[in-house]
Amino acid sequence: MSADNQLAFALDTFYLLISGALVMWMAAGFAMLEAGLVRAKNTTEILTKNITLYALACLCYLIIGYSLMYGNGGASDYADAADFFFQSVFVATALSIISGAVAERMKLVSFLLFSIILSAVLYPVQGAWSWGGGFLNQWGFVDFAGSGIVHLAGAAAALAGVLILGPRLGKYKDGKAQALPGANMPLAALGTFILWFGWFGFNGGSQLKLSSSADAEAIANVFVNTNSAAAAGTIGALVMTKWLSGKADLTMILNGALAGLVAITAQPVSPSAPLAAVIGAIAGVLVVISIIALDKLKLDDPVGALSVHGVCGLFGLLMVPISDTSASLAVQAAAAATIFVWMFGSSLVIWWLLHKLIGIRVSAEQEYQGADTVDCGIDAYPEFVRGASSR
Numbered sequence: 013m014s015a016d017n018q019l020a021f022a023l024d025t026f027y028l029l030i031s032g033a034l035v036m037w038m039a040a041g042f043a044m045l046e047a048g049l050v051r052a053k054n055t056t057e058i059l060t061k062n063i064t065l066y067a068l069a070c071l072c073y074l075i076i077g078y079s080l081m082y083g084n085g086g087a088s089d090y091a092d093a094a095d096f097f098f099q100s101v102f103v104a105t106a107l108s109i110i111s112g113a114v115a116e117r118m119k120l121v122s123f124l125l126f127s128i129i130l131s132a133v134l135y136p137v138q139g140a141w142s143w144g145g146g147f148l149n150q151w152g153f154v155d156f157a158g159s160g161i162v163h164l165a166g167a168a169a170a171l172a173g174v175l176i177l178g179p180r181l182g183k184y185k186d187g188k189a190q191a192l193p194g195a196n197m198p199l200a201a202l203g204t205f206i207l208w209f210g211w212f213g214f215n216g217g218s219q220l221k222l223s224s225s226a227d228a229e230a231i232a233n234v235f236v237n238t239n240s241a242a243a244a245g246t247i248g249a250l251v252m253t254k255w256l257s258g259k260a261d262l263t264m265i266l267n268g269a270l271a272g273l274v275a276i277t278a279q280p281v282s283p284s285a286p287l288a289a290v291i292g293a294i295a296g297v298l299v300v301i302s303i304i305a306l307d308k309l310k311l312d313d314p315v316g317a318l319s320v321h322g323v324c325g326l327f328g329l330l331m332v333p334i335s336d337t338s339a340s341l342a343v344q345a346a347a348a349a350t351i352f353v354w355m356f357g358s359s360l361v362i363w364w365l366l367h368k369l370i371g372i373r374v375s376a377e378q379e380y381q382g383a384d385t386v387d388c389g390i391d392a393y394p395e396f397v398r399g400a401s402s403r
C-alpha cells in the first residue's frame with residue numbers, strides 16, 4: 013500500500029469511527045426524548061430500557077448480526093472493525109424506535125427478549141437484502157442512510173407490537189383519545205437537539221469515505237441537506253399544528269424536526285438544499301396529520317414513533333427519484349413494501365409468541381403504579397411521584 017493509500021485508509025477509518033460515535037450519541041437523544049414524553053412514573057424504566065437495548069444491540073450484532081448481514085465484510089478502503097462499529101449503532105437506532113412506541117405498558121423483560129431477536133436476526137436479514145448486496149440492491153433500491161432499512165423497519169416492528177399490546181389504560185376513555193402528557197418537555201427538547209446533532213453522523217457517515225474531494229463534497233451536501241430538512245420539518249409541523257389547534261404544540265414541533273431528518277435520510281446527497289427543505293417541510297406537515305390519524309385509529313404511540321419513522325420513512329424513500337436519476341419510484345415502493353412485510357410479519361410472530369409464553373403487558377395495577385416502581389424500584393422524580401401515580 014502506497015503512502016497516499018495508507019493516509020486515505022487512516023482518514024476514512026477515522027471518519028467512520030467518529031461518525032459511529034455521533035450515531036451512538038443518538039442513543040442518548042432517544043433516551044432523553046422518550047424520558048420527556050412519558051409520564052413521571054415510567055421515566056426510570058424508559059431510561060433503563062434505552063441503555064440496555066443499546067448494549068444488547070451491540071452484543072447481538074457482534075455475535076451474529078453483522079456476519080448475517082454482510083458475510084465476512086470485506087471493506088478495503090477502511091478498517092473492518094470501523095465498519096462493524098458504525099453499522100452496530102444503526103441497529104440500536106431501530107430498537108429505540110420500538111422502545112418509544114410501546115412505552116408505559118410493556119414488560120421490560122419481554123422488550124429485551126425481542127431486542128435480542130431483532131438485533132441478531134430480523135434486522136440483519138432485511139439489511140442483507142439491501143446494504144449487504146442482496147436482491148433489493150440488485151433491483152436498484154436506493155436508501156443512502158436508512159429511511160427504510162432502519163426507520164421504516166423499526167416502525168414496522170413497533171406497529172406489530174402496538175397491535176398486540178393495545179393502548180395504555182385511559183388513553184381512549186369513552187372511545188375518544190385522551191391526552192396523557194409527558195412529564196418533562198425540557199428533556200424531550202434536549203433529546204431532539206441531540207438527535208439532530210447525531211444525525212450528521214448518521215447521514216454523513218453513510219458516505220463511508222472522506223479521503224477524496226468528491227467524498228468531501230458529498231459529505232458537505234449531506235450536512236447542509238440534513239440540516240435544511242430538519243429545520244423545514246420543524247417549521248412545517250409548527251405551521252400545521254398552529255393551524256389545526258391554534259397552539260404551538262411542542263411535541264408536534266419536535267416530531268416535525270425528526271420527521272424531516274428521517275425523510276431526507278433516504279437520499280441526502282443529490283437534492284439541492286431548497287429541495288431538501290421542501291421534503292423536510294412536507295414531512296413536518298405529514299407527521300402531524302399522521303399522529304392525529306393514528307390516534308383516531310386507536311393506535312397508541314406515546315412518542316409518535318410510528319408516524320415519524322414509519323410514515324415519514326416511507327415518504328423519504330418515495331422522494332428519492334426526484335433528485336436521484338438512478339432510482340425508480342416502482343423499485344422504491346416495492347422495496348419499501350418488502351421491508352415492511354418482512355419486519356411487520358416476523359415481528360408480529362415474535363410478539364405473539366412472547367405474549368403467549370411470558371406475556372408482554374404489565375397488569376392494570378402495575379400500569380397504574382408505574383414501571384419505575386414495578387420494574388426498577390427507583391422513582392426518577394421521588395419528590396413528587398409518590399401520591400401522584402396517575403401522572
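Our numbering runs 12 ahead of the 1-based position in the sequence shown. Here a beta-carbon is modelled for each residue, glycine too, at the ideal position from N, C-alpha and C.
About 7 Å separates the CB atoms of glycine 160 and alanine 347; that is less than 8 Å, so the two are in contact. A contact is defined here as three or more CB-CB pairs under 8 Å, and the segment 178-185 fails this definition with respect to the segment 338-346. Contact annotation: the segment 187-199 does not touch the segment 370-383, with fewer than three C-beta pairs closer than 8 Å. As DSSP reads the structure, methionine 118 sits in a beta bridge with Arg373. In this structure the segment 229-243 lies against the segment 199-213, because at least three pairs of beta carbons, one per stretch, are closer than 8 Å. Taking a 10 Å sphere around the C-beta of isoleucine 303, we find 16 or more other C-beta atoms and assign the residue as buried. Valine 290 is not a Cβ neighbour of methionine 252, given a cutoff of 8 Å. Methionine 81 is a Cβ neighbour of glycine 144, given a cutoff of 8 Å.
Residue environment analysis places asparagine 17 among the exposed positions, since fewer than 16 neighbouring C-beta atoms fall within 10 angstroms of its C-beta. Residue range 197-216 is occupied by the alpha helix (DSSP H) that includes glycine 216.
Per the C-alpha coordinates, the member of Val299, Gly217, Ile176 and Ala345 positioned closest to threonine 25 is Gly217. Under the three-state reduction of DSSP, methionine 331 is assigned to helix.
Of the candidates Lys53, Ser359 and Met264, Met264 places its Cα closest to the Cα of valine 300.
Annotated three-state conformation of proline 314 is coil, per DSSP. Taking one beta carbon from each stretch, the segment 323-334 and the segment 148-164 have 3 or more pairs nearer than 8 Å; the two touch. With 16 or more other CB atoms across the displayed protein chains lying within 10 angstroms of its CB, phenylalanine 214 is buried.
Annotation: threonine 56 to proline 193 spans about 17 Å, alpha carbon to alpha carbon. The alpha carbon of valine 343 has as its nearest neighbour, out of Asn149, Ser224 and Glu46, the alpha carbon of Asn149. In this structure the segment 258-273 lies against the segment 316-325, because at least three pairs of beta carbons, one per stretch, are closer than 8 Å. Secondary structure in the segment 252-302: the alpha helix (DSSP H) runs of 4 residues or longer, each lying completely within the stretch, are 262-276 in chain order. In this structure, isoleucine 176 lies away from tryptophan 354, with their beta-carbon atoms at least 8 Å apart. The beta carbons of serine 100 and cysteine 70 sit closer together than 8 Å. Shortest Cα-Cα distance from glutamine 381 to any of Thr238, Tyr90 and Arg180 involves Arg180.
For alanine 91, the CB contacts under 7 Å within the same chain, skipping 5 residues up- and downstream, are Thr25 in chain order. When secondary structure is reduced to three states using DSSP, alanine 106 falls in the helix class. One thing to note: glycine 322 has its Cβ no nearer than 8 Å to the Cβ of alanine 293.
The DSSP-derived three-state label of alanine 346 is helix. Straight across, the Cα-Cα distance linking isoleucine 110 with leucine 199 is about 19 Å. Going by DSSP, phenylalanine 147 is part of the alpha helix (DSSP H) stretching over 147-151. Taking the Cβ atoms as the reference, serine 127 lies roughly 16 Å from leucine 171, outside the contact range of under 8 Å. In this structure, glycine 173 sits near valine 114, with a CB-CB distance shorter than 8 Å. Leucine 65 sits close to alanine 104, with the two beta carbons spaced by under 8 Å. In terms of CA proximity to alanine 232, Val281 leads the group Phe96, Ser14 and Val281.
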